[in-house]
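Heads up: the sequence shown runs through residues 3 to 983, numbered per our numbering. A virtual CB, placed ideally from N, CA and C, is assigned to each residue, including glycine.
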Amino acid sequence: MKFAVDGRPVEVDPRPGQCLRTLLREQGTLAVKKGCDTGDCGACSVQLDGMTVHSCLIPAHRAADRSITTAAGLGTADDPHPVQRRFVEHAAFQCGFCTAGMVVTAAGLEDGAAAHRADPATPSCPSAGAAPLDPTSDAAAGCGRSSAELAELMKGNLCRCTGYRVIADALTGTATEVDQLPPPTTARHDGGAVVEGRAGSGVGAPAGPRIVRGAESFTFDIRPGDATGAADRPTDNGPKDGQYTTEQNLPGASEVSPPTAPLHIAVLPSPHAHARILAIDTAAAEALPGVHAVLTYADAPDVPFSTARHELRADDPDDTYVLDRTVRFVGQRVAAVVAESHAAARAGCRALRVEYEVLPAVFDPVAALAPEAPKLHAEKPDSARIAAAERNVVAEVHGEVGDVAAGLAAAAKVVRGVWHSPRGQHVHLETHGGIGWLDADGRLVIRCSTQVPFLVRDELCQVFGLRRDRVRVFATRVGGGFGAKQEMLAEDLIALAVLRTGRPVQYEFTRAEEFTAATSRHPMRVAVTAGADVNGVLTALTVEVLADAGAYGNHSVGVMFHGVGESVGVYRCANKRVDAQAVYTNNIPSGAFRGYGLGQVIFGIESALDDLARELHIDPFEFRRRNVVVPGDEFVGAEVDETDLTFGSYGLDQCIDLAERALLRGNGVEPPSEEWRVGTGMAVAMIATIPPRGHHANATATLLPDGRYEIRVGTAEFGNGTTTVHAQLAATALETDTAAIVIRQSDTDLVGHDTGAFGSTGIVVAGKATYAAALELRRLLLARAAKLAGLPEHDCVLTVGGVRCGDEVFGAVELLADGELTAHGEHAGTPRSVSFNVHAFRVAVQPDTGTVRILQSVQAADAGTVLNPVQCRGQVEGGVAQAIGTALYEDMRSELGVVTTQSLRHYHIPQFADVPSTEVYFADTADEFGPLGAKSMSESPYNPVAPALANAIRDAVGVRPDRLPMTADRVWRAMQEGDRR
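As structure tokens, this is what we get:
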């Protein structure tokens, strides 16, 4: 069959039933991504004879004699398509996995509009450098399309990271008004003005030009026949348009792709929620053509571990095996087949014959606590670190400070309620997985989609009995994470397969497996009792939490403790009690999710306090002012916090004021008609800037022979923007611009250690290590130049071209004549500060349907020094969008342990039309502990959104929502029940 791809002739015969997406990738067309394979996400979008299609839905044979255009064919590095250029200019991506497909769809709309425009006077989207269209004009909405039309036309392309505002800006060629953002606190180390390209400026991501063309390498982007990794190295890696570079392949260890084509893994999932495997007959599977190995519990190490990854592995329970003889949830691995193709591996799974002894199962955490409930891990020893396996309790905390009973008795008003948060999926568009092989020295190498390469390496060594120097783990760009990739869900099975076969092996989750075999957000039941005196001062606060851990404990200990930490600690109250348990059930395992337990508990606490303020007839903003902690207060939860957590800065008061003023000012958006009921609501959140119990990062800074500076750091880039900020920090310390900075990252061969990119630590830990290394290199450079010049160091200054001492400028050649110049930096993640977020909504509710429409969305954030205002605003907007999904739409359903929500069309993450533009305001603070005064700001924007929205709905309709998501049917039903009462 003959066809053309991006102008290149292709001749190949597709397999029977093959879709166009897989055919294109097999031919090396890597701009086409796999996000769902069900036509729901748009990551695989291409133009087929000029018409945009989802290539995963198109039979490959339909491409015969036709022309296919991908993001790679829309433009070149030097001459990108106008849409591609605008996506870069507007920073219209974060992880970038969806971007190539998004660009293809947008380019199709724009090119089609240009070709079929009936009125020649109708303006097109402005090209780069041209004056933008008036944002109030009809033409600005999709270059001649209305906003509603644009949302309809883009609904087939999903983005989990951005919140869509920047994508809309790129599509229209206009910039959303950002005058509401105050200038960030100066980020210059010497107190001077912000310099473009350094800390404090809105530098774009280094990978931007590659991302918009689909040329940036993600985990599975390996061209056929590539044995050296050359295909993974950007072909336009030099600085362009002031951009700095990322080069992930380390000289001398440049192998970033397997030496030969990998085998493929398919997994046989358990059909039972709880069963013991009596026998597995592998003979028929092993006899199939193309099958290289069948792996069962008999082939796996008898070493328990946790899929959760933390600096201290003892923080998580050792209750999991690579392959277990007992299965505890529907979808758990029973066996794995390793074969020449994924189809052959799946055929091998179908040929397996398994005999089970079905065991009793429990699906409700309340029932799991009953004495008669089946015990899921009763056989585990004390060394597994399970709080009470005989009661199905993974972890628990019980504590009281003061006298709660007395506090409630003294209260003028007391409110009580129970709030429920459901299971939720992360929906990072790049699914879990990786590729493993043995390098030329026989080392195990794993290239995987992970937030924690060093911790994955260490646990693989633990499970397989390997030395650290015999394992290398690295990540290319990661297509989203949101906590899900702080787990080891694929790498252990890949390692087992590689060590068993000696061949490269690939394992890539399907989208359905993300729902049925990966971890999810913890479902929680949160009961809150709160009392206050007549002046609105809290006299008592109690919180009871029951979290569904699922079949395995992984992150449940940390999520439970964190969930009842800052959510309770943000309030000053003499009498507090916390009772929390995380409980095993035969549901799919719960894990780390953005907010790490705070979102669920804050939903309950902020809803209860809103009701309490209403009972006392006190404005909710004022009620918070009277009760939130201020510098000098202790952080108190189940007990008084005596750790290293402290106030490195404080901006909560500013955030409350900023959000309140924005609501009072309004935005001119009115409800569709007078029958809609309008209400406002707000909520606050506090979060530690760094996880407790250790978070470490090493970094190095080196002067290169060409005069650029190389930064090596272990943190992965998955849309969190740390690569950009690390370059800005280094450029600031070295008095240069980011075009002179080369970033090498997320590889265990690069630096000594990095705990990982979770808990929003990419800036405040790894960034601080990077800045320290760059400052030390600055010192070395000045010292060497002063020696060469025979002058004191204070007479030498760094310049873009080197070091100037008097009238002489010493460049890299002179400075390196006496040997290499490399400096080291590190940070241990202590002491820790706190960040704050306040969210406020104005909503309208349609009483006949329960439909909720957001009229105004505001978030005020205390991020300390804002090192990159464009990226920081994007993190806030993305967190808000994800939280709106949790609050209004997303519900992962199951029946007797069987997840029934297994595709994106049945799991409603926010689309283009679902997310309002959020006004973002930053408090004017500078933190004592963060690099140049910065704080973390990736997780925290998510946390106050759901309760703020619930409080606005309560204000509009007079009935308290107590269960997420607050879908239209639930809101309508609550209104009907409220009317009957």
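Below 8 Å on the Cβ atoms is my contact criterion, and I expect residue i with residue j to pass it. Report the Cβ-Cβ distance as a whole number of Å.
i      : j      : result
HIS697 : THR763 : 5 Å
GLN508 : ILE437 : 5 Å
ILE689 : GLU288 : Contact flag wrong, Cβ pair sits at about 51 Å.
LEU817 : LEU705 : 6 Å
TYR923 : LEU660 : 4 Å
ARG780 : LEU800 : 6 Å
GLY761 : THR867 : No, GLY761 and THR867 are not in contact; Cβ-Cβ is about 19 Å, not under 8 Å.
ALA341 : HIS266 : 6 Å
GLY552 : PHE331 : 7 Å
ILE911 : VAL429 : 5 Å
HIS829 : ALA703 : About 14 Å separates the two Cβ atoms, so there is no contact after all.
PHE511 : ALA492 : 7 Å
Identify the continuous alpha helix (DSSP H) that holds residue i and give its terminal residues.
i       : result
ARG1001 : Here the chain has residues from 3 to 983 only, and residue 1001 is not among them.
HIS728  : 724-735
THR772  : 770-791
MET939  : Neither: MET939 is in no alpha helix (DSSP H) and is coded neither H nor E.
VAL90   : 84-91
GLY657  : The amino acid at residue 657 is misidentified as Gly; the sequence shows Cys. 654-667 is the extent of the alpha helix (DSSP H) around CYS657.
GLN453  : Here GLN453 belongs to no alpha helix (DSSP H), and DSSP marks it neither H nor E.
GLN96   : Segment: none, GLN96 is in no alpha helix (DSSP H) and carries neither H nor E.
VAL503  : Per the sequence shown, the amino acid found at residue 503 is Thr instead of Val. That run of the alpha helix (DSSP H) goes 493-503.
GLN747  : Run containing GLN747: none in the alpha helix (DSSP H); it sits in the beta strand (DSSP E), 743-747.
PHE563  : 558-565
THR24   : 22-28
PRO211  : 210-213
PRO871  : 871-890
Quick one, which of the options has its alpha-carbon nearest residue i's?
i       : options                        : result
ALA413  : PHE812, ALA532, VAL744         : ALA532
LEU543  : ALA690, ALA45, ALA337, GLU641  : GLU641
GLY716  : ASP283, GLY769, ILE169, ILE279 : GLY769
ASN537  : LEU614, HIS56, ALA825, GLY887  : LEU614
ARG663  : ALA397, ARG844, ARG64, GLY831  : ARG844
PHE838  : VAL900, VAL878, GLY831, ALA300 : VAL878
ARG472  : VAL197, GLY444, ARG311         : GLY444
PHE931  : GLY831, VAL901, SER919         : GLY831
ILE713  : GLY721, VAL340, ARG695, ALA735 : ALA735
ALA442  : LYS789, CYS38, PRO261          : PRO261
PRO82   : THR927, ALA217, ALA62          : ALA217
ALA732  : GLY721, GLY723, VAL744         : VAL744
GLY803  : GLY827, GLU795, ILE856, ALA742 : ALA742
CYS100  : SER219, ILE496, VAL14, GLY960  : SER219
VAL403  : GLY571, ALA295, GLY483         : GLY571
PHE476  : VAL396, ARG513, ALA610, THR750 : THR750
ASP1041 : ALA865, THR31, ALA372, PRO16   : In the structure displayed, the chain extends from 3 to 983; residue 1041 sits before or after that span and is not available.
GLU516  : ARG806, ASP39, PRO18           : ASP39
PRO303  : GLY721, LEU378, ARG225, ARG327 : ARG327
ALA170  : PHE95, GLY821, THR587, LEU495  : PHE95
GLY721  : THR851, ILE213, SER69          : ILE213
Hey, quick one: how far does the beta strand (DSSP E) through residue i stretch, first residue to last?
i      : result
LEU800 : 798-801
CYS450 : 446-450
ILE713 : 711-715
GLN995 : Nothing about residue 995 can be read from this structure; the chain reaches only from 3 to 983.
GLU402 : 395-403
Exercise. Check whether the segment 621-630 touches the segment 549-559, taking contact to mean three or more Cβ pairs, one atom from each stretch, closer than 8 Å.
Key: no
Quiz prompt | contact_flag[the segment 723-735, the segment 276-293] where n(CB pairs < 8 Å) is 3 or more | solution = no
Exercise. Output the residue ranges of the alpha helix (DSSP H) runs that lie fully inside the segment 325-366 and measure 4 residues or longer, sorted by chain position.
Key: 344-353
Quiz item: What alpha helix (DSSP H) runs, 4 residues minimum, are completely inside the segment 591-662?
Solution: Those alpha helix (DSSP H) runs which fall completely within the segment 591-662 and span 4+ residues are 600-617, 622-629.
Self-check item: Whole runs of the alpha helix (DSSP H) within the segment 896-974, excluding any shorter than 4 residues
Solution: 947-959
Quiz item: Does the segment 909-916 come within contact of the segment 860-875, defined as at least 3 CB pairs closer than 8 Å?
Solution: no
Quiz item: Three or more C-beta pairs closer than 8 Å, one from the segment 415-422 and one from the segment 884-904: is that the case here?
Solution: no
Self-check item: Complete runs of the alpha helix (DSSP H) confined to the segment 674-699 [at least 4 residues]
Solution: none
Exercise. Specify whether the segment 506-521 and the segment 591-602 touch according to this definition: at least 3 beta carbon pairs, one from each stretch, less than 8 Å apart.
Key: yes
Quiz item: Touch check for the segment 385-394 and the segment 53-66: three-plus C-beta pairs under 8 Å?
Solution: Between the segment 385-394 and the segment 53-66, the count of C-beta pairs closer than 8 Å stays below three; the two stretches do not touch.
Exercise. Check whether the segment 79-97 touches the segment 44-53, taking contact to mean three or more Cβ pairs, one atom from each stretch, closer than 8 Å.
Key: no
Quiz item: Quick one: any contact between the segment 146-158 and the segment 892-905, if contact means 3 or more CB pairs under 8 Å?
Solution: no
Quiz item: Are the segment 448-461 and the segment 477-490 touching by the rule of at least three beta carbon pairs closer than 8 Å?
Solution: yes
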